[in-house]
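Structure record follows, encoded as structure tokens.
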Amino acid sequence: MPISESDIEKIAQLAHLEITDDERRMFAPQIAEIVTYVEQLNEIDTGSVEPALGGLTPAGERTESSRADEVQPSLGQTVALDQAPDAAAGHFRVPKVLA
Amino acid sequence: MSTIVETIGKLMRGETSARAQAETAVSAAEKLNDELNAFLEIDRPGALKRAAATDQKINAGETPALPRLSGIPIAIKDNICVRGLQTSCGSRILGPYKPPYNATAIDRLLDAGVVIIGKTNCDEFAMGSSNENSAFGPVKNPWDPSRVPGGSSGGSAAAVAAGIVPVALGSDTGGSVRQPASLCGVIGVKPTYGRVSRYGLVAFGSSLDQIGVFAQTAADAAVVLQVIAGRDPHDATTADVPVPNYIGETEKNVAGLRLGVSRTLLGEGLDSEVRASVEKAIDAYRALGAEIVDVDLPHAKYAIAVYYIIATAEASSNLARYDGVRYGFRAEEAPALREMYRKTRDEGFGPEVKRRIMLGTYVLSAGYYDAYYLKAQQVRTLIKNDFAAAFAQCDAVLTPTAPSPAFRFGEKVDDPLAMYLNDIYTVTANLAGIPGISVPCGVSADGLPIGLQLLGPYWSEGLLFRLAHAYQQAHPLNAQPKIHA
Numbered sequence: 001m002p003i004s005e006s007d008i009e010k011i012a013q014l015a016h017l018e019i020t021d022d023e024r025r026m027f028a029p030q031i032a033e034i035v036t037y038v039e040q041l042n043e044i045d046t047g048s049v050e051p052a053l054g055g056l057t058p059a060g061e062r063t064e065s066s067r068a069d070e071v072q073p074s075l076g077q078t079v080a081l082d083q084a085p086d087a088a089a090g091h092f093r094v095p096k097v098l099a
Numbered sequence: 100m101s102t103i104v105e106t107i108g109k110l111m112r113g114e115t116s117a118r119a120q121a122e123t124a125v126s127a128a129e130k131l132n133d134e135l136n137a138f139l140e141i142d143r144p145g146a147l148k149r150a151a152a153t154d155q156k157i158n159a160g161e162t163p164a165l166p167r168l169s170g171i172p173i174a175i176k177d178n179i180c181v182r183g184l185q186t187s188c189g190s191r192i193l194g195p196y197k198p199p200y201n202a203t204a205i206d207r208l209l210d211a212g213v214v215i216i217g218k219t220n221c222d223e224f225a226m227g228s229s230n231e232n233s234a235f236g237p238v239k240n241p242w243d244p245s246r247v248p249g250g251s252s253g254g255s256a257a258a259v260a261a262g263i264v265p266v267a268l269g270s271d272t273g274g275s276v277r278q279p280a281s282l283c284g285v286i287g288v289k290p291t292y293g294r295v296s297r298y299g300l301v302a303f304g305s306s307l308d309q310i311g312v313f314a315q316t317a318a319d320a321a322v323v324l325q326v327i328a329g330r331d332p333h334d335a336t337t338a339d340v341p342v343p344n345y346i347g348e349t350e351k352n353v354a355g356l357r358l359g360v361s362r363t364l365l366g367e368g369l370d371s372e373v374r375a376s377v378e379k380a381i382d383a384y385r386a387l388g389a390e391i392v393d394v395d396l397p398h399a400k401y402a403i404a405v406y407y408i409i410a411t412a413e414a415s416s417n418l419a420r421y422d423g424v425r426y427g428f429r430a431e432e433a434p435a436l437r438e439m440y441r442k443t444r445d446e447g448f449g450p451e452v453k454r455r456i457m458l459g460t461y462v463l464s465a466g467y468y469d470a471y472y473l474k475a476q477q478v479r480t481l482i483k484n485d486f487a488a489a490f491a492q493c494d495a496v497l498t499p500t501a502p503s504p505a506f507r508f509g510e511k512v513d514d515p516l517a518m519y520l521n522d523i524y525t526v527t528a529n530l531a532g533i534p535g536i537s538v539p540c541g542v543s544a545d546g547l548p549i550g551l552q553l554l555g556p557y558w559s560e561g562l563l564f565r566l567a568h569a570y571q572q573a574h575p576l577n578a579q580p581k582i583h584a
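Chains A and B, in that order, give the protein sequences.
Sequential numbering of the first sequence, starting at 1, is according to the numbering used here.
Sequential numbering of the second sequence, starting at 100, is according to the numbering used here.
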């Protein structure tokens with residue numbers, strides 16, 4: 001699958017990444033090479049193979065992981081906002097959403 | 100350096116103090132950091148304060164009631180949350196971020212009495228095999244500082260290899276504990292998926308990530324895993340499987356155990372010195388009474404392809420949270436929200452992280468999901484089946500850990516695919532969910548350590564410690580790194 005610089009731009013947009021022209025020129029052949037490499041999987045017939053979704057072991061799958069829906073202590077506003085780049089009046093402040 | 104068991108004995112008999120242990124470790128970390136760059140944060144005051152509290156308890160005669168790791172210094176990879184210390188993940192986007200809570204593994208270690216010395220350097224978000232992807236400069240290999248320590252947990256591996264701490268935590272998504280352990284000449288264990296809680300481990304590939312342990316000896320790694328293993332309600336993927344007595348398991352002998360060897364994996368692409376060392380280790384196990392059987396892992400050659408689809412897909416999703424809103428770095432001067440996201444992520448992430456986010460976004464994007472992600476998950480099943488078939492014939496599989504000893508800085512940095520192929524022997528364990536351990540098994544002509552890898556069925560960490568311990572007892576690594584405390 002050939003991957004062009006404009007594909008890279010599109011992917012970067014989807015991933016909310018702003019990339020420079022230099023990065024685009026660097027990434028396009030590298031990602032194309034990796035994609036070509038992973039396409040070797042196409043030589044395997046997987047028609048009837050179940051996908052291994054998630055990483056659980058059989059014992060992990062059997063483990064009950066639900067709990068009662070009860071209110072539990074949480075971090076609280078002060079702690080939650082403590083590391084925010086821009087906290088204001090008990091909120092996370094961000095630049096305007098609609099340009 | 101003393102083992103944990105020896106140090107605990109000395110502490111209890113009053114032959115050393117927790118303060119002396121902490122002082123020695125912190126001083127070594129500080130002194131060697133110019134050369135090794137293994138630590139991103141060294142917590143001298145916190146370590147000494149905690150050690151003093153341990154000494155107080157010992158002096159007050161509380162000795163029999165003390166938990167099992169009292170006063171033992173430990174280093175923690177900088178992608179595992181420790182309250183009050185930074186968790187940068189080797190990334191500018193988190194930088195000096197201080198998490199408001201401890202990872203479950205950290206809570207358990209602190210309950211057991213450890214003294215945390217500091218946070219260790221790593222490839223950004225644990226993505227890398229050489230440590231060259233850390234935003235804060237690479238860790239140097241203590242055996243030869245012109246060479247990489249491996250990755251991504253290079254700082255933890257180097258800290259143990261250089262004798263700064265007896266044990267350290269890392270994380271292993273595709274080999275990030277075992278490969279640096281191999282390149283630095285120490286033990287590195289990746290537990291079964293679901294053995295150790297991932298709560299507080301910054302997520303990379305959630306179906307692959309496990310916290311692992313570095314140590315000089317298998318017995319010390321066993322002591323630490325004993326403490327951190329087990330079900331945790333904060334991580335729904337931890338399994339309700341009893342934690343055996345790993346120390347007891349470690350001491351059993353290995354006569355009669357069957358070790359599987361895949362001849363294909365010892366073929367093409369393997370450094371000749373690594374091959375010779377691993378062949379010698381196979382003979383050594385035979386001499387210890389183990390039976391060597393041939394096994395076939397026909398889909399192992401596809402593991403890197405499968406891994407770089409699944410790991411990048413999961414990473415692209417996990418790393419979406421770094422948006423400059425709630426914590427960490429935010430790019431200035433963005434007039435609108437979307438631009439702020441894009442600028443923050445552009446300035447905050449390094450090239451390898453961007454490359455993987457884009458690759459993951461691509462394989463998950465509309466129209467490609469079945470061709471890449473679903474296909475990879477199907478081949479993942481085939482890799483799991485390969486191991487199930489192998490373990491019907493043997494108790495554990497023996498392979499090299501890495502295809503070569505430590506390489507030089509810059510050697511592979513411009514060729515991502517060549518770098519990825521470093522993980523060829525280790526990624527299979529993460530894909531299959533099985534445990535693996537790297538054991539030092541020799542030194543190259545250039546004086547660089549070589550590691551062998553043992554892989555076992557689910558929940559067989561005790562067996563792996565037993566095999567590793569038997570090897571270390573019979574063939575201790577009689578060499579020391581150039582840079583050493």
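Cβ atoms here follow ideal geometry from the backbone N, Cα and C, with glycine treated the same way.
Model, not experiment: these values are computed from the prediction.
query                                                                                                                           : result
E18(A), DSSP secondary structure in three states                                                                                : coil
Where the alpha helix (DSSP H) through Q476(B) begins and ends                                                                  : K474 to Q492
Element boundaries [alpha helix (DSSP H), containing E438(B)]                                                                   : L436 to G447
Proximity to P534(B) [Cα-Cα], best of G541(B), C540(B) and L563(B)                                                              : L563(B)
Listed by chain order, chain A residues near Q477(B) by CB distance under 7 Å                                                   : T46, V49 and P51
Nearest candidate by alpha-carbon position, reference G388(B), set T411(B), L369(B), I409(B) and L358(B)                        : L358(B)
Min CB distance G76(A) to chain B below 7 Å                                                                                     : no
Listed by chain order, chain A residues near R297(B) by CB distance under 7 Å                                                   : None at all; the shortest Cβ gap to chain A is about 10 Å.
Chain A contact residues for I456(B), given Cβ-Cβ distances below 8 Å                                                           : A15 and L17
Straight-line gap, I286(B) to V538(B) (C-alpha atoms, nearest Å)                                                                : 5 Å
CB-CB length for L147(B) against K218(B), believed under 8 Å                                                                    : That belief does not hold up - the Cβ atoms of L147(B) and K218(B) are roughly 17 Å apart, past 8 Å.
Outcome for K511(B) when other beta-carbon atoms lying within 10 angstroms are tallied against a minimum of 16                  : buried
Where the segment 192-211 of chain B meets chain A: residues whose CB sits under 7 Å from a CB there                            : Y196, K197 and P199
Own chain, CB closer than 7 Å to P499(B), minus 5 neighbours either side, in chain order                                        : L369, V373, V377, Y524, L551 and Q552
C-beta contact flag for E451(B) and N232(B) at 7 Å                                                                              : yes
Within chain B, partners of E70(A) - CB distance below 8 Å                                                                      : Residues of chain B passing the Cβ test: none, with the nearest at roughly 12 Å.
Boundaries (first-last residue) of the alpha helix (DSSP H) holding R385(B)                                                     : S371 to A386
CA-to-CA distance, D243(B) to I175(B), given in whole angstroms                                                                 : 23 Å
Cross-strand partners of V288(B) (DSSP beta bridge)                                                                             : V312(B) and I536(B)
Spatial neighbours of G212(B) in its chain, beta-carbon cut-off 8 Å, leaving aside the 5 residues before and after              : T153, L165, P166, R167, L168, S169, G170 and I171
Counted within 10 angstroms of its Cβ, other Cβ atoms place S74(A) as buried (16 or more) or exposed                            : exposed
Any chain B beta carbon closer than 7 Å to T36(A)                                                                               : no
7 Å Cβ cutoff, R112(B) in contact with chain A                                                                                  : no
Contacts that D86(A) makes with chain B (C-beta to C-beta distance below 8 Å)                                                   : R429
Validate contact between the segment 432-449 of chain B and the segment 465-475 of chain B using beta carbons, cut 8 Å, 3 pairs : no
C-beta contact flag for I582(B) and P241(B) at 7 Å                                                                              : yes
Secondary structure of N240(B), DSSP reduced to three states                                                                    : strand
Proximity of A380(B) and T349(B) at Cβ, strictly below 7 Å                                                                      : no
Where D82(A) meets chain B, residues with beta-carbon distance less than 9 Å                                                    : K197, P199 and Y426
T527(B) and V49(A) closer than 7 Å at C-beta                                                                                    : no
Alpha-carbon spacing of G227(B) relative to I141(B), whole angstroms                                                            : 23 Å
Coil, strand or helix - H568(B) by DSSP                                                                                         : helix
Extent of the continuous alpha helix (DSSP H) to which I215(B) belongs                                                          : No alpha helix (DSSP H) holds I215(B); the beta strand (DSSP E) holding it covers V214 to T219.
Q77(A) versus G90(A): straight-line alpha-carbon distance, rounded                                                              : 7 Å
Limits of the unbroken alpha helix (DSSP H) element including E161(B)                                                           : It is not in any alpha helix (DSSP H) - E161(B) carries neither H nor E in the DSSP assignment.
The segment 560-576 of chain B / the segment 244-263 of chain B touching (three or more Cβ pairs under 8 Å)                     : no
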